[in-house]
Structures are given as structure tokens and as C-alpha cells.
Amino acid sequence: MSAPQPIVSLQAVRRSYRMGDVVVEALRGLSLDISAGEYVAIMGPSGCGKSTLLNLLGCLDRPTSGRYLLGGTDISALDDDALSDIRGRRLGFIFQSYNLIQQLNVLENIEVPLFYQGRSDEEARAIAIGLAKRVGLDRRLDHKPFELSGGQQQRVAIARALASDPLVILADEATGNLDSSSGREILSLFDELNAAGKTLIMVTHDASVGERSRRIVRLSDGQLESDIRR
Amino acid sequence: MIRGLSIFPSSRLRRSVRLGLRSLWLHRLRSLLTVLGIVFGVCSVIAMLAIGEGASFEAQEQIKNLGSQNIILRSVKPPEDQKISNNQNNFTLDYGIKYEDISRIQATIPGVTTIVPARVMREYVWNITIRVDAEVVGTVSWYPAMRNHRVASGRFFTETDQAAAENVCALGAEMALRLFPLEAPLGKTVRIGDQYYRVIGIMEPLSRAKGDDTGQSSAQQAVDRMYIPLETARRRYGEVLFKRRSGSFERERVALHEVTVKVDDPEKVVAVSLAVKDLMERNHKKKDYDVVVPLELLRQKEKTKRIFNIVLGSIAAISLLVGGIGIMNIMLANVTERTREIGIRRALGAKQRDITTQFLIEAVLLSGAGGAIGVMLGVAIPFAVSAAAGMKTIITFWSPLAAFTISALVGVVFGLYPALRAAKMDPVEALRHE
Numbered sequence: 010m011s012a013p014q015p016i017v018s019l020q021a022v023r024r025s026y027r028m029g030d031v032v033v034e035a036l037r038g039l040s041l042d043i044s045a046g047e048y049v050a051i052m053g054p055s056g057c058g059k060s061t062l063l064n065l066l067g068c069l070d071r072p073t074s075g076r077y078l079l080g081g082t083d084i085s086a087l088d089d090d091a092l093s094d095i096r097g098r099r100l101g102f103i104f105q106s107y108n109l110i111q112q113l114n115v116l117e118n119i120e121v122p123l124f125y126q127g128r129s130d131e132e133a134r135a136i137a138i139g140l141a142k143r144v145g146l147d148r149r150l151d152h153k154p155f156e157l158s159g160g161q162q163q164r165v166a167i168a169r170a171l172a173s174d175p176l177v178i179l180a181d182e183a184t185g186n187l188d189s190s191s192g193r194e195i196l197s198l199f200d201e202l203n204a205a206g207k208t209l210i211m212v213t214h215d216a217s218v219g220e221r222s223r224r225i226v227r228l229s230d231g232q233l234e235s236d237i238r239r
Numbered sequence: 035m036i037r038g039l040s041i042f043p044s045s046r047l048r049r050s051v052r053l054g055l056r057s058l059w060l061h062r063l064r065s066l067l068t069v070l071g072i073v074f075g076v077c078s079v080i081a082m083l084a085i086g087e088g089a090s091f092e093a094q095e096q097i098k099n100l101g102s103q104n105i106i107l108r109s110v111k112p113p114e115d116q117k118i119s120n121n122q123n124n125f126t127l128d129y130g131i132k133y134e135d136i137s138r139i140q141a142t143i144p145g146v147t148t149i150v151p152a153r154v155m156r157e158y159v160w161n162i163t164i165r166v167d168a169e170v171v172g173t174v175s176w177y178p179a180m181r182n183h184r185v186a187s188g189r190f191f192t193e194t195d196q197a198a199a200e201n202v203c204a205l206g207a208e209m210a211l212r213l214f215p216l217e218a219p220l221g222k223t224v225r226i227g228d229q230y231y232r233v234i235g236i237m238e239p240l241s242r243a244k245g246d247d248t249g250q251s252s253a254q255q256a257v258d259r260m261y262i263p264l265e266t267a268r269r270r271y272g273e274v275l276f277k278r279r280s281g282s283f284e285r286e287r288v289a290l291h292e293v294t295v296k297v298d299d300p301e302k303v304v305a306v307s308l309a310v311k312d313l314m315e316r317n318h319k320k321k322d323y324d325v326v327v328p329l330e331l332l333r334q335k336e337k338t339k340r341i342f343n344i345v346l347g348s349i350a351a352i353s354l355l356v357g358g359i360g361i362m363n364i365m366l367a368n369v370t371e372r373t374r375e376i377g378i379r380r381a382l383g384a385k386q387r388d389i390t391t392q393f394l395i396e397a398v399l400l401s402g403a404g405g406a407i408g409v410m411l412g413v414a415i416p417f418a419v420s421a422a423a424g425m426k427t428i429i430t431f432w433s434p435l436a437a438f439t440i441s442a443l444v445g446v447v448f449g450l451y452p453a454l455r456a457a458k459m460d461p462v463e464a465l466r467h468e
């Protein structure tokens, strides 16, 4: 309402799954606008449609009906290749279980999305080194994921999410697998990113994590329950 | 985007190859076991092909020694006469090629240029106390040129020797060595019965490859031969030959044992051989001769080789099929194992095409590596066989090349389905996979 041009705009989005003979409605006509630079936490009990919403926002899935505009592009109409391209260029993913590729080292993991965009080796390397520095891992560039702590792995994942300079960063329970001190480190990194102008959308069921954001969207039974800005 | 088009394919390919090698290296043992099928297939085909090629080369050389433009007639004792000779000791056998046959062939069949008649007698040849059981061949002066069997040292006898019925001889290489182990045989004399012959030439050694396709010749070539002028043979031995064998003795009247007919044009050899056979059939009531056409033998040999190659090809195809199925199997397992990685890559912007390429490259690397190892072994084995067994082996340049290319193709064919399956995965499902 306050922002003139939302970068994420969901309009009456529905998503239903067929499970055998039963049709399960995970999202039932959800509308939501998110502007550039916002820091949004999506909360709600399990089964409320959080994951489905995140998959839709991440262009990993398409709505059954309704429209989803990301940076002005209607996602619902795109084919698989175009969706892949959007994921690679406009979105950054941060997962609960880090999801690093085990056989690649820190630097190579950060480079993965850059290669799918067709950047040259030198360019990708330069960007990756810069990002590793930014998340404080410039001394561990050739370590493999299993040689790193959980917090360090999540920082690699954040660097990877930042690699393609995305419009929106999507975090799925980013601190869920971390001890409290590592979790705090990650959250302060998020604050930093938001302060630098990045749009962050995170899914969490941890109230203390949700408190860090400036807007909390609560879902219940596939519908918007509350949308509180602070 | 424009830059993407220009630099990108090669650097992306390079990265995919590096990545593929790394993930294959991660499962070294599994990769090795997987490609073993292809390794053995490729290696056995190359090796067998090389050995087969070598063997058939030797056989063909041997046939060529007989002369591809030649038709060889041999006198053969008819089987029914053999029975008679066993029963009646005093009976004189009269069989084989006559001098008239030669004149007839020369007079009636066009295309015949030269004829080499030969009488062959089995005799003991002596050098003082050394004895060699040999075939004494009475023949004409152009025999070496016709049979591609050259004189190594000294000379063959000439028309003059022939006309004068000189007691001169040329010895087979192996025989010369046995008769004269310590001295140079040229100019020395050898004895047969009460006749002495001066050695004027030594023949080149014959290739001693085995193979009975050349009819009786292989058995005869294994025996030492000594060459004397036909005229000399005729005067010393006459028409009737005595054979003393295991107590009994028999008399044979054979004019010529062996006649070589040379045809002027290689194209006409078959036609002339038919004419010769026909002519002989009409003039000989009994089948007391045998016609050998080296060119026909050569053709048969080539046919056999073609069949051999077809069989080898089928073995290769089957082993590559089996190897390919092995690769497909392991790639499917690989895809399942790396479902989560596929999901991650899809989330990070990989298109279906990128995933297909990645797994396809891995499959091709796998089969290509198998092919390469197979080629190396397949090239090494023939060398080992040559060194160990003394067999001739020939590696044709195309066989390793084709084997390698086909095994790489096997990777494409059998890697395609797993790769497509990987690409078709739903990213959400793949990310959720444990």
C-alpha cells in the first residue's frame, strides 16, 4: 500500500494437490504484496501452507490458479526453462539443511548459480571470492562442506544465494538446524543484508526469529490470518 | 547473453567434464567395475581381430606363394587303385598327368602362358654320412619365377643344364642346413642312390605357417625339397618308379607329378581353371589328378575371414550391449543417489538441459574410459601373443579407433535415459528427497 511498485505480488493464489482421490487445498486464494527492501517473516503452524507458499515464491512450483508477479513478470505463464532462469537470476535460496553440494568446496559451491547464468570462470571466481569475504569465510575457500560447522555451512549458502544479486532472498527455517549462537550470527547477517537493501522473505515457526523481521505474515489453513508491520 | 553464446559452451563443457570426472573418481571402484564389461568387450575384439588378421595374412601369403595367377595340377593315386596295389604286389600302377595333357592344355586353352611340369620322387639324399629324407623335384628352369620361390644364393639350373641333363641341383634352405651344417654347400656334391649331384643353388626358406587350405601342398612343403633338371630326372629314373614301403614294394608309372599352369590375366584364372578341369576330366577316366587354384583358395580364405569378422562383430555388439546396460544401471543408481543435488541445482537456476548434459557427460566419460582402457589392453595383448607364441598379429588402424568411438556412443545411448529421468524430476520433490 505504501510502496508504489511491489516486487512480489500474489493475487488470489490457489494451490491444490491431488492425493489419490482427495484434493488437498494447500493455499486458498492468498493475496500478498511485498515491496523492495522489506524483511518479511512468514509464520504459522505446520500444515498451514508455508512450504507451499515458499515453493511458489521460489518459482519451484506454479499456482493452480491466481497470479504471481515477480518483479513485474507473470510467473504463472512461464515454461520450465524460463522458470529456471528466473530462479537463477532473481532469487536466492537459503535452506534449513544448507543444501550445499558435498563434492564441491566453498568457492565452487558459491559459483554454482553463476555458471548456470553463463558467467565466465574468471568472473565467477571473482564474485565468489568477494562474497566469501563478505560472509567471513575467505580463509576456508577450499574446504569441503563436511569440514565446516553448521553456521559456516549456512554462511556459504548465504553467499551462494547472494551470488546472482537476486531481487528476493528466500530463507526456509534458516536457523532451524543451528545452535543459538550460530543462529544469532546468521540472523545478524540477515539484518545486515536487509540494511543494505536486500528483500528478505523467511519462513519460520520460531517466534524469536520472527521477531527480528519488520513484518510478520501469519498463515492459517492456507489463508492469510494476519499481516502485521512494525 | 551475447557473451554467453560465444564463450560459454566450451567453458561450460569443460566444467561439466571436470565435475563428471570428479564424481566418477569419488566412486572409483564402482566406476571401474561398471566399465569392466566394456573394457573386456573392446579389448577382446581388438585382440581377436589382430590375431585373426595375422593368421589370415599368413595363410594368404602362403597361398600367394603358390602364385595367384597359377593353376596347379597334381597327380593323385586313385583310391580304387590303391586297393589293387595292396593285393597284387607286382602290378604296375599307371596314373597321373601325362605329357600329352600339357600339350593339350597349351594347344587348346587360350590365356595359358607358361607351364611348369615337375616330377617328384621321394628319396634319401646323402652328404657322406648325413641323410635327409627329401622330395627330389625334376623341373624346368623357370620354376622359381613361377612359384615365387626364389634362389637365395648361387643359381637355379638353366636351359643348358636341362638340355645336357646335368647332375646339378638346388637345395631347399632347411635341407641345405641339415646336409651341410658346418660348411658352405655351394659347389659340394650330394648323393642319391648311385648318382652324385653338384649343388649350384640354395633356395629361400618357405614361410612355414600352418593351414591345410592349400590342399596337399602344406604337407609337402613341410618336407625338404631338392630341385634337379627335369631331363636329368627323366634319364636317371625313367617312367617307372619303385617304392619300398614297409616290406612290400610297388611300381608306379607316373609321367608328371605336378604341373603349374600360369594364366596371363588374373581375371581369366577361374575361367581357365574350369577349362583345364574340363579337359582333364574328358581325358582321364579315373580321377587320378587334382586341380588346385590358389586364387580360389584365396577367395575362400577371404570369405572365411568375412564370416570370422561377422562373428567377432556380433561378440563385440553383445559385449557392448551388456556393458551399456551396466552403465545404464549404475547411472540410474547415481541419479537416485544424487536426487537432492539435482534439486539444489535446479533451485539455483539449472535448466533441464543442464542436468541432462551433466549426467550424459558422466555416462560418456564412463564408457569412454572403458573404451580407452579396452583399447590399451587390446593393443597390448597382440604384442604379448606375438612375443610369447610367435604368432603373427596385425592391428589394423581402424579397429581401436572404431572400438573407442562405438564405446563412447554406448555411453550416449545408455546414458540418455537416466539423464533424462534426472532432468524430468520435480525440483520440489527432489529437494525434499533425503
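The listed protein sequences correspond, in order, to chains A and B.
So in our numbering the end of the first sequence lands on 239, straight run, no missing numbers.
So in our numbering the end of the second sequence lands on 468, straight run, no missing numbers.
Where is the CB? At the ideal position from N, CA and C, for every residue including glycine.
Everything numeric in this text was worked out from a predicted model, so none of it was measured.
(1) Going by the CB atoms, is the gap between A:A180 and A:Y107 shorter than 8 Å?
(2) Can you give me the start and stop residues for the alpha helix (DSSP H) that B:M472 sits inside?
(3) Taking 8 Å as the threshold (beta carbon to beta carbon), is B:E375 in contact with chain A?
(4) Establish whether the CB of A:Y77 and some CB of chain B are separated by less than 8 Å.
(5) Less than 8 Å between CB atoms is the rule here; does B:R49 satisfy it with respect to chain A?
(6) Are the stretch 42-61 of chain B and the stretch 90-97 of chain A touching, with three or more C-beta to C-beta distances below 8 Å?
(7) From the DSSP output, in three-state form, read off B:A464 for me.
(8) Quick one: what's A:F102 bridged to in DSSP?
(9) Determine, for A:S93, whether the minimum Cβ-Cβ distance to residues of chain B falls below 8 Å.
(10) In chain order, what residues of the same chain lie with their CB nearer than 7 Å to the CB of B:K321, ignoring the 5 residues before and after it?
(11) Near B:R374, what residues of its chain come up, given a Cβ to Cβ distance below 6 Å and the 5 sequence neighbours on each side ignored?
(12) Where DSSP assigns a beta bridge to B:N104, which residues make up the other side?
(13) In whole angstroms, what separates the C-alpha of A:V32 from that of A:F124?
(14) Any contact of the stretch 76-90 of chain B with the stretch 419-433 of chain B, i.e. 3+ C-beta pairs under 8 Å?
(15) Are the C-beta atoms of A:P122 and some chain B residue less than 8 Å apart?
(16) Tell whether a beta-carbon distance below 8 Å holds between A:N186 and A:Q111.
(17) Taking A:R24 as the reference, which of A:D230, A:S235 and A:R239 has the closest Cα?
(18) With a cut-off of 8 Å on the beta carbons, I'd call B:M180 and B:T294 a contact; round off their distance for me.
(19) When you check each C-beta in the stretch 119-153 of chain A against every C-beta of chain B, which residues fall closer than 7 Å?
(20) Is there at least one Cβ from chain A nearer than 8 Å to B:Q386's Cβ?
(21) Using a 10 Å radius around the Cβ and a threshold of 16 neighbouring Cβ atoms, would you call B:I131 buried or exposed?
(22) Please name the residue, chosen from A:A205, A:L39, A:L202 and A:G139, that lies closest to A:V17 on a Cα-to-Cα basis.
(23) Output, in chain order, the set of chain A residues within a Cβ distance shorter than 8 Å of B:G383.
(24) What is the rounded straight-line gap between the Cα of B:W383 and the Cα of A:Q161?
(25) For the beta strand (DSSP E) containing A:M52, list its first residue and its last residue.
(26) Apply the 10 Å Cβ neighbour rule to A:D88 and answer buried if 16 or more other Cβ atoms are within range, or exposed otherwise.
(27) Would B:E200 pass as a contact of B:T266 if the rule is Cβ separation under 8 Å?
(28) Could you check which residue in B:S353, B:Q392 and B:G424 has the C-alpha nearest to that of B:G75?
(29) Could one say the Cβ of B:S45 lies closer than 8 Å to chain A's Cβ atoms, at least one of them?
(30) Which residues mark the beginning and the end of the alpha helix (DSSP H) in which A:S197 is found?
(31) Measure from the C-beta of B:I428 to each C-beta in chain A and report whether the shortest distance is under 8 Å.
(32) Is there a Cβ from chain B that is less than 8 Å from the Cβ of A:L209?
(33) Just mark B:Q140 as buried or exposed, buried being the case when its beta carbon has 16 or more other beta carbons within 10 Å.
(34) In the DSSP assignment, what are the bridge partners of A:S74?
(35) Would B:S57 pass as an interface residue toward chain A - the criterion being a Cβ-Cβ separation below 8 Å?
(36) Determine, using beta carbons only, whether A:G67 comes closer than 8 Å to chain B.
According to the structure data:
(1) no
(2) Lying before the first or after the last residue shown, residue 472 of chain B is absent from chain B, which here runs from 35 to 468.
(3) yes
(4) no
(5) yes
(6) no
(7) helix
(8) A:L179
(9) yes
(10) Close CB contacts of B:K321 within its chain, under the 7 Å cut and outside five residues either way in sequence, are with P112 (chain order).
(11) The residues are H467.
(12) B:K296
(13) 39 Å
(14) yes
(15) With 8 Å as the cut-off, A:P122 counts as an interface residue toward chain B.
(16) no
(17) A:D230
(18) 6 Å
(19) V121, P122, F124, Y125, Q126, G127, S129 and D130
(20) Look at B:Q386: its C-beta is under 8 Å from a C-beta on chain A.
(21) buried
(22) A:L39
(23) S93, D94, R96, G97, R98, P122, Y125, Q126 and S173
(24) Note on residue identity: the sequence assigns Gly, not Trp, to residue 383 of chain B. B:G383 and A:Q161: Cα-Cα distance of roughly 23 Å.
(25) Y48 to M52
(26) exposed
(27) yes
(28) B:S353
(29) Put simply, the CB of B:S45 is near chain A, with a gap under 8 Å to one of its CB atoms.
(30) Where A:S197 is concerned, the enclosing alpha helix (DSSP H) stretches over S189 to A204.
(31) So, not an interface residue.
(32) no
(33) exposed
(34) A:R23
(35) At least one chain A Cβ lies under 8 Å of B:S57.
(36) yes
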